[in-house]
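J.: Let me begin by handing over the structure; questions about it come next.
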Amino acid sequence: MKYSPATRLVIAAAILLLSAFGPTCYAHDSQQFRIALVQMDTGQGRRQNLEKIESFAVVAGRQGAQIICFPEMSITGYAIDRPHAMAEVVPGPSSKTLSNIAVANRIIVLAGLIEKEKDKYFITQVVAFTDGRIESYRKTHLGRRERRTLGPGESLPVFRAKTDAGQEICFAIGICYDMHFPEIATVFSLKGAQIIFSPHASPLGGERRLEVWNRYMGARAYDNTLYVAACNHIDHAGEKGQAGGAAVWGPTTGKPLQHQVIAEENILFCDLDLASLKRMRDPTSKVFYLKDRRESLYFGN
């Protein structure tokens, strides 16, 4: 893909930022697993958004990231009032481009769009794997405005892959409003998810974004013994400001392991300790609370 001048500037800026602010959330084990979270302006249109997605994936791949997550609707932009104008099928042209990016850079790519199936539209996060597979998650819990034009997803899938080093990874996706519903994080954990990625397109950014996230994201990670990783879009053209924000919460304290609140396009890296997570989730562990669930009580009379 040939880069536009604007995209070349993004690449240069990303490289400069990486050299100045390298990843600081490290795991000290052979099973460290690096993820990358991108906050980006998604308002320039599909072509330029895909160019930026590729440029960020190139940088993240060179920095050793295994998965890169982009914001909600990062390909189409947050265009819920006119979904028919931007929607496409999955697999389709954009998901094929994501697949090519994932294969070429040996990095799993998570990016969002408006999906069309027959006469219905969905907020979908496409998952492009390094072996060429394309899977997806449809947002299951829609906001009030979103329900006017879009339909909810009807399943809670987890995604599995093996890295080049032979590491097995299982992850899930909860898009923005989804994460306000504790049950889905529990379902994902019980299905084996080690990480929940939460792409956002929220108008709330900066310190306030982190403050709101901290009310519940840490609880999702702590209660379900997994990592939660969120990233938000940047909306330079919006009425409510520039937004932005990215953070990772771990399973031990409920506090952010790593975060950023700047309203600029950027990548946040974090290395996750999968070996420790595996030990915590062992049936004999004292901190894997889900093993003691009394499910019969929750659905009884």
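Every letter in the sequence shown is one number past the one before it in this note's numbering, and letter 237, counting from 1, is 259.
Note that beta-carbon positions come from the ideal geometry of N, C-alpha and C, so glycine has one too.
Given a cut-off of 8 Å, decide if C253 and P221 are closer than it, judged by their beta-carbon atoms.
T.: Yes; because the gap between Cβ atoms is below 8 Å, this pair is in contact.
J.: Determine, using beta carbons only, whether L59 and I97 come nearer to each other than 8 Å.
T.: No. Outside cutoff.
J.: Identify, in the order they occur along the chain, each residue of the same chain with its Cβ nearer than 6 Å to the Cβ of W271, setting aside the five sequence neighbours on each side.
T.: Closer than 6 Å at the Cβ level, and outside the excluded window around W271, lie M239, G240, A243, V250 and P278.
J.: Report yes or no: do the stretch 171-179 and the stretch 151-162 share at least 3 C-beta pairs separated by less than 8 Å?
T.: Touching, yes, given that three or more Cβ pairs across the two stretches are closer than 8 Å.
J.: Could you check whether the stretch 296-314 touches the stretch 198-217, counting it as contact only if at least three pairs of C-beta atoms, one from each stretch, sit closer than 8 Å?
T.: At 8 Å Cβ cutoff, the stretches touch.
J.: Identify which residue in D295, K138, V131 and N122 has its Cα closest to the Cα of M108.
T.: Among D295, K138, V131 and N122, the Cα nearest to that of M108 belongs to K138.
J.: Taking 8 Å as the cut-off, decide whether the C-beta atoms of I145 and M201 are in contact.
T.: Cβ distance not < 8 Å, so I145 and M201 don't count as in contact.
J.: Can you round the beta-carbon distance between F151 and I130 to whole angstroms, since I take them to be within the 8 Å contact cut?
T.: Right, their Cβ atoms sit about 6 Å apart.
J.: According to the neighbour-count rule (16 or more other Cβ atoms, all chains shown, within 10 Å of its Cβ), is H106 buried or exposed?
T.: Looking at its Cβ environment, which holds fewer than 16 other Cβ atoms inside 10 Å, H106 is exposed.
J.: According to DSSP, simplified to helix, strand and coil, what is D314?
T.: Correct three-state label for D314: helix.
J.: Just reading off the beta strand (DSSP E) that F55 is part of, what are its end residues?
T.: Per DSSP, F55 belongs to the beta strand (DSSP E) from Q54 to Q61.
J.: Suppose only complete runs of 3+ residues qualify. What are the beta strand (DSSP E) ranges in the stretch 159-234, listed by chain order?
T.: The qualifying runs are 181-184, 190-195 and 217-221.
J.: Nearest CA to the CA of P273: which residue from S121, E110, L299 and E317?
T.: Here the closest residue by C-alpha is L299.
J.: Might you give, ordered along the chain, the residues of its own chain that have their beta carbon closer than 7 Å to the beta carbon of R167, omitting 5 neighbours on each side?
T.: Result list for R167: I102, in chain order.
J.: For F321, count neighbouring Cβ atoms within 10 angstroms of its own Cβ and tell me buried if that reaches 16, exposed if not.
T.: It is exposed - the Cβ of F321 has fewer than 16 other Cβ atoms within 10 Å.
J.: Compute the Euclidean distance between the alpha carbons of C292 and E73, then round it to the nearest angstrom.
T.: Each residue's alpha carbon lies about 24 Å from the other.
J.: Mapping DSSP to helix, strand and coil, what is G134?
T.: Three-state result, G134: strand.
J.: Do A223 and L248 have their C-beta atoms closer together than 8 Å?
T.: No, the Cβ-Cβ distance between A223 and L248 is not below 8 Å.
J.: Rounded to the nearest angstrom, what separates L319 and N246 at their Cα positions?
T.: So the alpha carbons of these two residues sit roughly 18 Å apart.
J.: Determine, using beta carbons only, whether F92 and L294 come nearer to each other than 8 Å.
T.: No; because the gap between Cβ atoms is not below 8 Å, this pair is not in contact.
J.: Within this structure, are the beta carbons of E317 and V283 separated by less than 8 Å?
T.: No; because the gap between Cβ atoms is not below 8 Å, this pair is not in contact.
J.: What are the boundary residues of the alpha helix (DSSP H) that H106 is part of?
T.: It spans P105 to M108 - the alpha helix (DSSP H) in which H106 sits, taken as one unbroken run.
J.: With burial defined as no fewer than 16 other Cβ atoms inside 10 Å of the residue's Cβ, what is the status of G67: buried or exposed?
T.: With fewer than 16 other Cβ atoms within 10 Å, it is exposed.
J.: For G276, collect the residues of the same chain with a Cβ closer than 8 Å to its Cβ; drop the 5 residues on either side in sequence, then sort them by chain order.
T.: Correct list, in chain order: G240, A241, A243 and Y244.
J.: Going by alpha carbons, who is nearest to C198 out of S117, E286, P113 and R231?
T.: The candidate whose alpha carbon is nearest that of C198 is R231.
J.: As a quick exercise: from V149, D153, G65 and V81, pick the residue whose alpha carbon is nearest that of N288.
T.: Residue V81 is the option with its Cα nearest to N288.
J.: What does a CB cutoff of less than 8 Å around P179 pick up in its chain, not counting 5 residues either side in sequence?
T.: Excluding residues within five positions, the ones whose Cβ falls inside 8 Å are E157, Y159 and A194.
J.: Assign T46 to buried or exposed, taking buried as 16 or more other Cβ atoms, counted over all protein chains shown, within 10 Å of its Cβ.
T.: Any reading at T46 needs caution, since the residue's pLDDT is 35, under 50, leaving its predicted position unreliable; the model's value is listed next. With fewer than 16 Cβ atoms within 10 Å of its Cβ, T46 is classed as exposed.
J.: Does T306 pass the burial test, meaning 16 or more other C-beta atoms within 10 Å, or should it be called exposed?
T.: T306 comes out exposed.
J.: Which residues in the same chain have their Cβ closer than 8 Å to the Cβ of L212, if we skip the five residues on either side of it in sequence?
T.: Around L212: L312.
J.: List the residues that DSSP assigns as beta-bridge partners of Y244.
T.: Answer is none; Y244 lacks a bridge partner.
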